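*Asks:* Okay, here's the structure, questions in a sec.
In my numbering, the protein residues as written are 1086 to 1169.
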């Protein structure tokens, strides 16, 4: 099966008009939007890191310095361990 292609707005390195940069896809499901996953975003103005679903990246404002909505939760990816 072929890998799903990323849209330009979800590609790591993409910067929206409000200077919010996509860092990476987390793979975690969005609790706010059905069938969307969370992306790690960073504000290039204040360096705040937060989560955002893929549909909202294009118009997202920083929740720390631009009055944007609170970010979605950023979680560390689960790791597999035989000794947990």
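Quick reminder that beta carbons are idealized off the backbone N, C-alpha and C, glycines included. None of these values were measured; they are calculated from a predicted model.
Which stretch, first to last residue, makes up the beta strand (DSSP E) that contains residue 1128?
*Replies:* Sequence index remark: in the chain shown, residue 1128 carries index 43 (1-based). Here the beta strand (DSSP E) through residue 1128 covers 1122–1128.
*Asks:* Can you tell me the Cα-Cα spacing of residue 1111 and residue 1121, whole angstroms?
*Replies:* As a first step, residue 1111 is located in the chain shown; it is residue number 26 there, counting from the start. As a first step, residue 1121 is located in the chain shown; it is residue number 36 there, counting from the start. For residue 1111 and residue 1121, the distance between alpha carbons rounds to 11 angstroms.
*Asks:* Any idea if residue 1139 is buried or exposed, counting beta-carbon neighbours within 10 angstroms, 16 or more meaning buried?
*Replies:* What you label residue 1139 is simply residue 54 of the chain shown in a count that begins at 1. Buried.
*Asks:* Please state the DSSP three-state secondary structure of residue 1114.
*Replies:* If you number the chain shown from 1, residue 1114 lands on position 29. In the structure shown, residue 1114 sits in a strand (DSSP, three-state: E or B).
*Asks:* Can you find the residues in the same chain that come closer than 6 angstroms, C-beta to C-beta, to residue 1103, ignoring five residues on each side of it along the sequence?
*Replies:* For the purposes of this step, residue 1103 is taken as residue 18 along the chain shown, with counting starting at 1. Closer than 6 angstroms at Cβ, skipping near neighbours: 1146.
*Asks:* Assuming residue 1135 and residue 1117 make a contact with CB atoms under 8 angstroms, what is their CB distance in whole Å?
*Replies:* One-based indexing of the chain shown puts residue 1135 at position 50. One-based indexing of the chain shown puts residue 1117 at position 32. In fact, because the Cβ distance is near 13 angstroms, the residues do not count as touching under 8 angstroms.
*Asks:* So, with DSSP's three-state summary, where would you put residue 1134?
*Replies:* What you label residue 1134 is simply residue 49 of the chain shown in a count that begins at 1. It is a strand residue.
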